[in-house]
Amino acid sequence: MTGKIGSTVLGYPRIGPRRELKRALESYWAGRSSEAELRETARELRAGTWRELREAGLDSVPGNTFSYYDQVLDTAVTFGAVPPRYAALGLGPLDTYFALARGVEAVPPLEMTKWFDTNYHYLVPEIGPDTEFSLADRTPVEQYREALEAGVTTRPVLVGPLTFLLLAKSAEGAPETFQPLDKLPELLAAYAELLRELHRAGVEWVQLDEPAFAADRTPEQLAALGDAYRQLGGLAARPKLLVAGYFGDFGEAVRVVAGTPVEALGVDLVTEPSTVDSLSGVPGLRDKALVAGLVDGRNIWRTDLDRALTAAATLLGLAGEVSVGTSCSLLHVPYDVEAEDIDPQVKSWLAFAAQKVREVVVLGRALKDGREAVADELAAARAAIDDRAGATRVRNNRVRARLESLKPEHSQRGDYAKRREAQRKSLQLPPLPTTTIGSFPQTTDVRKARAAFTAGRIDRATYQQRMRDEIKRVIELQEQIGLDVLVHGEPERNDMVQYFSEHLDGFISTANGWVQSYGSRCVRPPILYGDVFRPEPMTVEWATYAQKLTAKPVKGMLTGPVTILAWSFVRDDQPLGETAAQVAMAIRDEVQDLEAAGIRVIQVDEPALRELLPLRAAQHGAYLAWAVSAFRLATSGVADSTQVHTHLCYSEFGDVIDAIVALDADVTSIEAARSRMEVLDDLNAVGFGRGVGPGVYDIHSPRVPDAAEVTDLLRAALRSVPAERIWVNPDCGLKTRGYAEVEPALKNLVSAAEAVRREL
Ligand code: GLN
Ligand code: ZN
5 MTGKIGSTVL GYPRIGPRRE LKRALESYWA GRSSEAELRE TARELRAGTW RELREAGLDS
65 VPGNTFSYYD QVLDTAVTFG AVPPRYAALG LGPLDTYFAL ARGVEAVPPL EMTKWFDTNY
125 HYLVPEIGPD TEFSLADRTP VEQYREALEA GVTTRPVLVG PLTFLLLAKS AEGAPETFQP
185 LDKLPELLAA YAELLRELHR AGVEWVQLDE PAFAADRTPE QLAALGDAYR QLGGLAARPK
245 LLVAGYFGDF GEAVRVVAGT PVEALGVDLV TEPSTVDSLS GVPGLRDKAL VAGLVDGRNI
305 WRTDLDRALT AAATLLGLAG EVSVGTSCSL LHVPYDVEAE DIDPQVKSWL AFAAQKVREV
365 VVLGRALKDG REAVADELAA ARAAIDDRAG ATRVRNNRVR ARLESLKPEH SQRGDYAKRR
425 EAQRKSLQLP PLPTTTIGSF PQTTDVRKAR AAFTAGRIDR ATYQQRMRDE IKRVIELQEQ
485 IGLDVLVHGE PERNDMVQYF SEHLDGFIST ANGWVQSYGS RCVRPPILYG DVFRPEPMTV
545 EWATYAQKLT AKPVKGMLTG PVTILAWSFV RDDQPLGETA AQVAMAIRDE VQDLEAAGIR
605 VIQVDEPALR ELLPLRAAQH GAYLAWAVSA FRLATSGVAD STQVHTHLCY SEFGDVIDAI
665 VALDADVTSI EAARSRMEVL DDLNAVGFGR GVGPGVYDIH SPRVPDAAEV TDLLRAALRS
725 VPAERIWVNP DCGLKTRGYA EVEPALKNLV SAAEAVRREL
């Protein structure tokens, strides 16, 4: 027998229950506190987590789950994969680490991208033929010892070698044919050294995370996975190894890993419940311990413990040992629902990280000692599940009846040629019309007014007046700059999803439900618990106020259904497509009300369209079908003369490019400044024939582009797309920038558009 892990979680939040790490980091970065103070906060947070997890009754407590910024960056640093330009800065270890994460004056940070299909972002390691892997940093060993001193035995968690290399990119200057995976043998030598050191330190179990195999992989990559774990498993003196696959069905990788000497596998049984069936008959699994990921690590609902136990029972015959775990690390959920002062009924349906640990413990005990041993807990869980299933506030029959009565024509706008003509007449825009993506810089005054209103320090009328003053200022500024399609500037929105969730039935907001997005940045996703309904207009008042101030068209600004879902905790009791359609109907109502109020251009932002793409290509079609139909449902209820825009925050469309065509928006604005308009050729290749606004101002940097630069970009755009389809706009919203940059940049954008118009 291989030894048992017992009940466990694959990882835990680290930002601190009250975001202590965020504060400590930002204070250190601002030079207000010392490295020693930061390290002390970190140590306290780690000790708190270990203690909490052990006292909750987990058999195995994960270790090394703390990070100052990101676990992928930690892995790079552990194994010495620090590109020379950072090492050359001559900074101490911690500041070098932060230079990689955040950049310094002369050296930009590593690229950051989304961690699989979550809203967490990791730093992309750069690996080249010259990267020399070594055991450069011993944090995993030190933290094991630190926990031991605090009286807790931990199971160090590391990003696995395959996932690390598959997420890395080739360093600049590497030959075309080079792939980071080519370096696997050298990286494995460094992992082996770490495993030996951990073994010497007394570590019993190490967890290696390989979520990369929940996505489609080539036969070569699967073979490399097998080779790697045969090699690590073959080490003479090493800890026992748990290889964890999550964020979906581990698929073929289960067989591959089961065929190696590792002692245990972790599988995600939540994302794809059918994974349970695929585990039967896997050769070698009977000799392994299985950590059954039965408690959802990514969503905030209480687990149906009865159902989880049934699934666990099916597994009992399949593997040598079955332990209960989470589907993935709990990094993706907030700390503790007890910290929330929210509606008690909804609260009783929720489980955040602390509650999920408890669920794992209860399930573990039920497996070990029988259901009777935890009868009370099972009964309480059952009562909450039943209450939620039968709750009237979850179901809104009006919403359901409306959706059922929908016909295909509700998702179909008029013929595009006719639309274009009607919009031309209605809007009377010059060629190459100029506009912005929606938000203007959020000044301290605006933020203060919003905070004061939320806290009840100013009344609605005062708040409204402050927002109106800001809108007036922004409209006047745009007139003065000479933009053609104006925006109200979004001063009333703290966040493009939260604003809508606060105005829609079916959502609830938390006060402390923070989740790490990257580094010290946290988000507080709203919880979508019931049928979505719009009780009253959400944006019409602001848009119409803005429109009254100007003769130019003001663009109404909404967030699309897919993005609202992507940045919320969504219900798990109905298909996502159904929820999307409900949100789409609410947005559709808003679109129609904006039109009725005289708004002739309406933008529905869908920056998350690509983010929600399933990890496996086989599921792309089904996802894109509901995503596209939700957008069309939201935007098809208006006359031909109303111009629908959409905005997407990126320039590499990959598998979503056909879906972008299918959205059928009249105008699509995209990021393009950095990639110098290349994206237009991709759009041409799939026959995109609508208006397009390739960004000509990179708003991610404080740099002000001069008019000549914007002129060049526009000329480049005109080589791919005829002038009558081109719009001139920045890459994205201006919310995070300052007026000192935005004003001259927009002036340059307008004069560039004017100059290029003269060349037409
Ligand atoms: N309209 C939003 C803004 O301008 C769009 C933001 C986004 O694309 N993420 O801020
Ligand atoms: Zn954007």
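Numbering (this note's numbering), first residue to last: 5 to 764.
Backbone N, C-alpha and C define an ideal beta-carbon position, used for all residues, glycine too.
From the DSSP output, in three-state form, read off residue i for me.
i	result
Met-5	Any reading at Met-5 must be qualified, since the residue scores a pLDDT of 40, below 50, and its modelled position is unreliable; no value is offered.
Asp-99	helix
Met-471	helix
Trp-546	helix
Gln-607	strand
Met-589	helix
Val-280	helix
Asn-516	coil
Ala-759	helix
His-125	strand
Tyr-32	helix
Gln-211	strand
Arg-18	coil
Phe-182	coil
Ile-531	strand
Tyr-522	strand
Arg-306	coil
Thr-158	strand
Pro-66	strand
Lys-173	strand
Leu-166	helix
Leu-569	helix
Phe-457	helix
Glu-325	strand
In angstroms with no decimal places, state the Cα-to-Cα distance between residue i and residue j.
i	j	result
Ser-174	Phe-182	7 Å
Ser-64	Leu-245	13 Å
Leu-294	Val-280	12 Å
Ala-727	Ile-703	24 Å
Asn-123	Phe-251	12 Å
Gln-551	Val-544	10 Å
Gly-189	Glu-180	Sequence inspection shows Pro at residue 189; the Gly mentioned does not correspond to that position. Answer to the nearest angstrom: the Cα atoms are 20 Å apart.
Leu-334	Gly-301	5 Å
Gly-270	Arg-614	28 Å
Gln-623	Glu-276	12 Å
Ala-216	Ala-721	36 Å
Ser-138	Leu-198	9 Å
Pro-184	Asp-134	11 Å
Leu-684	Gly-255	36 Å
Arg-497	Arg-604	22 Å
Val-128	Val-266	28 Å
Gly-237	Asp-231	10 Å
Arg-428	Val-696	15 Å
Leu-652	Trp-571	15 Å
Gly-510	Val-398	7 Å
Ala-455	Arg-259	54 Å
Gln-349	Gln-359	16 Å
Thr-6	Glu-208	Summary for Thr-6: the model assigns pLDDT 49, below 50, so the residue's position carries little reliability, and this model does not support an answer.
Thr-672	Arg-694	8 Å
Could you tell me whether any Cβ in chain C is nearer than 9 Å to the Cβ of residue i?
i	result
Glu-41	Of the chains in the structure shown, none is chain C; there is only one protein chain.
Beta-carbon separation of residue i and residue j under 9 Å?
i	j	result
Thr-646	Leu-667	no
Pro-3	Val-478	Residue 3 is absent from the structure shown; the chain starts at 5 and stops at 764.
Thr-438	Val-754	yes
Ala-621	Asp-220	yes
Arg-375	Arg-306	no
Arg-592	Gly-534	no
Leu-508	Ala-634	no
Ser-352	Ala-388	yes
Ala-140	Thr-82	yes
Asp-121	Leu-616	yes
Shorter than 8 Å, the distance from the beta carbon of residue i to the closest heavy atom of the ligand MN, or not?
i	result
Leu-652	Questions concerning the ligand MN fall outside what the structure shown contains, since the ligands it does hold are the ligand GLN and the ligand ZN.
Legend entry - Whole alpha helix (DSSP H) elements within the stretch 650-738, 4-residue minimum: 661-666, 682-689 and 711-724
Legend entry - Contact between the stretch 492-508 and the stretch 442-454 (3+ Cβ pairs under 8 Å): yes
Legend entry - 3-residue-minimum beta strand (DSSP E) runs that sit fully inside the stretch 215-264, ordered along the chain: 244-248
Inset, instruction - Count the C-beta pairs between the stretch 106-113 and the stretch 153-165 that are closer than 8 Å, then say yes if the count reaches three, no if not. - result: no
Legend entry - Cβ contact (3+ pairs, closer than 8 Å) linking the stretch 83-97 and the stretch 523-539: no
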